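Counting from 1, position 289 in the sequence shown corresponds to residue 289 in the UniProt record's numbering; the numbering is continuous, with no gaps.
Beneath this line is the structure, given in structure tokens, with notes to follow.
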Amino acid sequence: MKSDIEIAQSAKMEKIVNIAEKLGLDEDDIELYGKYKCKLSLDILDKKKENKDGKLILVTAINPTPAGEGKSTVTVGLGQALCKLNKNAVIALREPSLGPVFGVKGGAAGGGYSQVVPMEDINLHFTGDMHAITSANNLLAAAIDNHIHQGNELKIDSRRIIFRRVMDMNDRALRNIVVGMGGKANGFLREDGFMITVASEIMAILCLSNSLMDLKERMGNILVAYNLEGGPVYCKDLGVQGAMALLMKDAIKPNLVQTLENTPAIIHGGPFANIAHGCNSILATKVALKLGDYVVTEAGFGADLGAEKFLDIKCRYGELKPDCVVIVATIRALKHHGGALKNELSVPDVEKLEKGIGNLEKQVENIKKYGVPVVVAINKFITDSDEEVKVIEDYCNKLGVKVALTEVWEKGGEGGIELAHNVLSVLETEKSNFKCLYEKELSIKEKIETVAREIYGADGVQYDNNAEKQIIEIERLGLDKVPICVAKTQYSLSDNPSLLGKPSGFKVSVREVRVSNGAGFIVVLTGDIMTMPGLPKVPAANKMDILEDGVIVGLF
1 MKSDIEIAQS
11 AKMEKIVNIA
21 EKLGLDEDDI
31 ELYGKYKCKL
41 SLDILDKKKE
51 NKDGKLILVT
61 AINPTPAGEG
71 KSTVTVGLGQ
81 ALCKLNKNAV
91 IALREPSLGP
101 VFGVKGGAAG
111 GGYSQVVPME
121 DINLHFTGDM
131 HAITSANNLL
141 AAAIDNHIHQ
151 GNELKIDSRR
161 IIFRRVMDMN
171 DRALRNIVVG
181 MGGKANGFLR
191 EDGFMITVAS
201 EIMAILCLSN
211 SLMDLKERMG
221 NILVAYNLEG
231 GPVYCKDLGV
241 QGAMALLMKD
251 AIKPNLVQTL
261 ENTPAIIHGG
271 PFANIAHGCN
281 SILATKVALK
291 LGDYVVTEAG
301 FGADLGAEKF
311 LDIKCRYGEL
321 KPDCVVIVAT
331 IRALKHHGGA
341 LKNELSVPDV
351 EKLEKGIGNL
361 EKQVENIKKY
371 GVPVVVAINK
381 FITDSDEEVK
391 VIEDYCNKLG
401 VKVALTEVWE
411 KGGEGGIELA
421 HNVLSVLETE
431 KSNFKCLYEK
441 ELSIKEKIET
451 VAREIYGADG
461 VQYDNNAEKQ
471 IIEIERLGLD
481 KVPICVAKTQ
491 YSLSDNPSLL
501 GKPSGFKVSV
511 REVRVSNGAG
521 FIVVLTGDIM
531 TMPGLPKVPA
541 ANKMDILEDG
551 VIVGLF
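See the structure below:
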């Protein structure tokens, strides 16, 4: 079997103008970035406003394990399968971050014969959106320190600056730093730190904005610090939101590419789901809904993270109503949740599978709480036995949800035909009665405890003293009537990555609560989750190279 990059490099891509034509777009609707990728004009939303919205299909998963689930691969494969059934389908995905690309997780372009291309471009810089976000973020960070250096008219308390610098790379050495060293000419000495770009509030704002002016207003509302009297200091007080929006004027436009089978794919925005809200942009999804009869999108990591945030944050702000949710599971990962070791996952083991299948059950239960129909996709590996497949099929039948064996990694769209038929059947026979899990007007603690109890299965929540004080501060400022965005390990339903399967009898530990006022949510940090990842002992970057003829090797 060829590697992902070898498969991608042998693909027969159509020129992106032809892909745009398939969607009813002309040259005025696109801005070319070479032959095979382009930006989409936001005028499309007005131009196509009379088009009926397509059906919105969300792809999510069980809690991920080192065995992998292939959620993005299934998303791409399902889109390709729908096109094979002569349906007008569009895929909507997030953009990869350079940090995981060069680290351990990899990119976000699918895999095998269900990939988006040009894969190298998508995983490396793409159209520059990540760099625009980084620049806008760091302009604001620079403006804060400059304001203090130039006399501090706003009386910013340098001990209480909460806005951090970012970069799109895993670099643990930058988590906590000291700036302003070197004497009076270099500003005031203070503690600071970096987050990864995809965890920044600017990224969240890009993905939750409905227009360029909405984006500019949201950036102006970012809470950056407190003054010496304890009052809030916002980005708009520093007067740089216009310049930040200028840097984002192209980044706000969704990107159009294609799959290996030339299915249109809109890729835009890339917040992590364990430390941010894990969904592509509202604008990309809305454009896709106007251009396609079926839109297949995904949310990061398991349904307890990405899907919860998609449904409680993105759908709320975008006024979106999903019609169906696909939950991806692998037999290997469910065996891992049942206690199987990594070197045992290729060995058939019904007992371990049955022990771990509770994770799938809980994720199905979680989605049903939102009133949206569910389909389970078993992402098949060669080592899966027929007996193990039957265990999951029987279990899904008992839960009353359709299930399909999926082989899109190996066979592309052809391997997702059964899943596509199941999804179409559900769309025709089951009505979505979507509703958010909680009302945003509830208190901060009520919202946290609702998610912890209903989605994670926790017995309760414990708050550090620091978190208690932060909650009181946010409520004092009247910034609390917004959704919550929980930063939590992706490996468990709990905040402890070692609690696999369907854990019970645990409490979630909240150590920090901060408001992303521009984005419109409250970030709740649990466990030991970090907003700046580190590189592994042997980074993926060590295996990558570019040859004399320009061919890239080692990129997955």
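Where is the CB? At the ideal position from N, CA and C, for every residue including glycine.
These numbers come from a predicted model, not from an experiment.
Note to self: Cutting at 8 Å between CB atoms, please list the residues of its own chain near Asp29, excluding the five before and the five after it.
What the structure shows: Ala20, Leu40, Ser41, Asp43, Ile44 and Lys47
Check: Among Lys369, Leu405, Lys481 and Glu475, which residue has its Cα nearest to the Cα of Lys435?
Finding: Lys369
Notebook entry, point to check: Does Ile205 get closer than 7 Å to chain B when you measure Cβ to Cβ?
Noted result: You won't find chain B in this structure, because it holds only one protein chain.
Next item on the list: Let me know the secondary structure DSSP gives Asp480 once reduced to three states.
Entry: coil
Check: Would you call the CB atoms of Gly534 and Asn170 closer than 7 Å?
Finding: yes
Margin query: I'd like to know whether the C-beta atoms of Val374 and Val325 end up nearer to each other than 7 Å.
Written below: yes
Note to self: Please give the ranges of any beta strand (DSSP E) in the region 184–212, keeping only runs that are unbroken, at least 3 residues long and fully inside the region.
What the structure shows: 190–192 and 194–196
Checklist line | Cutoff 6 Å; reference Ala251; Cβ partners in own chain excluding five residues on either side | finding: Asp129 and Ala132
Checklist line | Cβ neighbour criterion (16 or more within 10 Å) applied to Val372 | finding: buried
Margin query: Helix, strand or coil for Asn227? Go by DSSP, reduced to three states.
Written below: strand
Note to self: Please tell me whether, using a cut-off of 6 Å, the distance from the CB of Ile357 to the nearest non-hydrogen atom of the ligand MG is below it.
What the structure shows: Questions concerning the ligand MG fall outside what the structure shown contains, since it holds no ligand whatsoever.
Check: Three-state secondary structure (DSSP) at Glu261?
Finding: coil
Note to self: Let's see if you can read the secondary structure: which residues bound the beta strand (DSSP E) around Ile161?
What the structure shows: Ile156 to Ile161
Note to self: Let me make sure I understand the geometry here. Which of Ile205, Arg94 and Ala89 has the alpha-carbon closest to that of Phe301?
What the structure shows: Arg94
Next item on the list: Look up Asn255 in the DSSP assignment and give the residues it is bridged to.
Entry: Lys39 and Ile267
Notebook entry, point to check: Are the beta-carbon atoms belonging to Gly338 and Leu353 less than 7 Å from one another?
Noted result: yes
Checklist line | Contacts around Lys543, its chain only, beta-carbon distance under 7 Å, and the 5 residues preceding and following it disregarded | finding: Gly554
Next item on the list: Following the continuous beta strand (DSSP E) through Glu298, name the residue where it begins and the one where it ends.
Entry: Tyr294 to Glu298
Next item on the list: Decide if Pro66 is buried, meaning its Cβ has at least 16 other Cβ atoms within 10 Å, or exposed.
Entry: exposed
Note to self: Tell me the DSSP secondary structure of Pro539 in three-state form.
What the structure shows: coil
Next item on the list: Leaving out five residues on either side along the sequence, give the residues of the same chain with a beta carbon under 8 Å from the beta carbon of Ser10.
Entry: Lys2
Check: Taking the Cβ atom as the reference point for each residue, do Thr73 and Gly111 lie within a distance shorter than 7 Å?
Finding: yes
Next item on the list: Check each candidate in Cys485, Pro254, Asn433 and His421 and name the one with the smallest Cα separation from Ala452.
Entry: Cys485
Check: Considering only residues of the same chain and omitting the five flanking positions on each side of Lys155, which have a CB-CB separation below 8 Å?
Finding: Asn227, Leu228 and Glu229
Margin query: Using CA atoms only, rank isn't needed, just tell me which of Ser443, Ala142, Tyr36 and Gly24 is closest to Ala8.
Written below: Tyr36
Notebook entry, point to check: By a C-beta neighbour count over all protein chains shown, 10 Å radius and 16 as the cutoff for buried, is Ser443 buried or exposed?
Noted result: exposed
Next item on the list: Spatial neighbours of Asp53 within its chain, please: CB distance less than 6 Å, with the 5 preceding and 5 following residues excluded, ordered by chain position.
Entry: Leu289
Margin query: Would His277 and Lys321 be called neighbours here (beta carbons separated by less than 7 Å)?
Written below: no
Next item on the list: Helix, strand or coil for Cys279, going by three-state DSSP, please let me know.
Entry: strand
Margin query: Assuming contact is defined by CB atoms lying nearer than 7 Å, are Thr259 and Gln80 in contact in what I supplied?
Written below: yes
Note to self: Please state whether the Cβ-Cβ distance between Gly356 and Leu334 is less than 7 Å.
What the structure shows: yes
Checklist line | Which of helix, strand or coil DSSP assigns to Ile448 | finding: helix
Item checked: Secondary structure of Val17, DSSP reduced to three states -> helix
Checklist line | Contacting residues, own chain, Cβ-Cβ under 8 Å from Ile282 (five flanking each side not counted) | finding: Cys207, Leu208, Ser209, Asn210, Lys314, Tyr317, Gly318 and Leu320
Margin query: I'd like to check one pair, Leu78 with Leu419: are the Cβ atoms closer than 7 Å?
Written below: yes
Notebook entry, point to check: Mind pulling the alpha helix (DSSP H) runs of 4 or more residues that sit fully within the region 62–128?
Noted result: 71–84, 98–102 and 119–123
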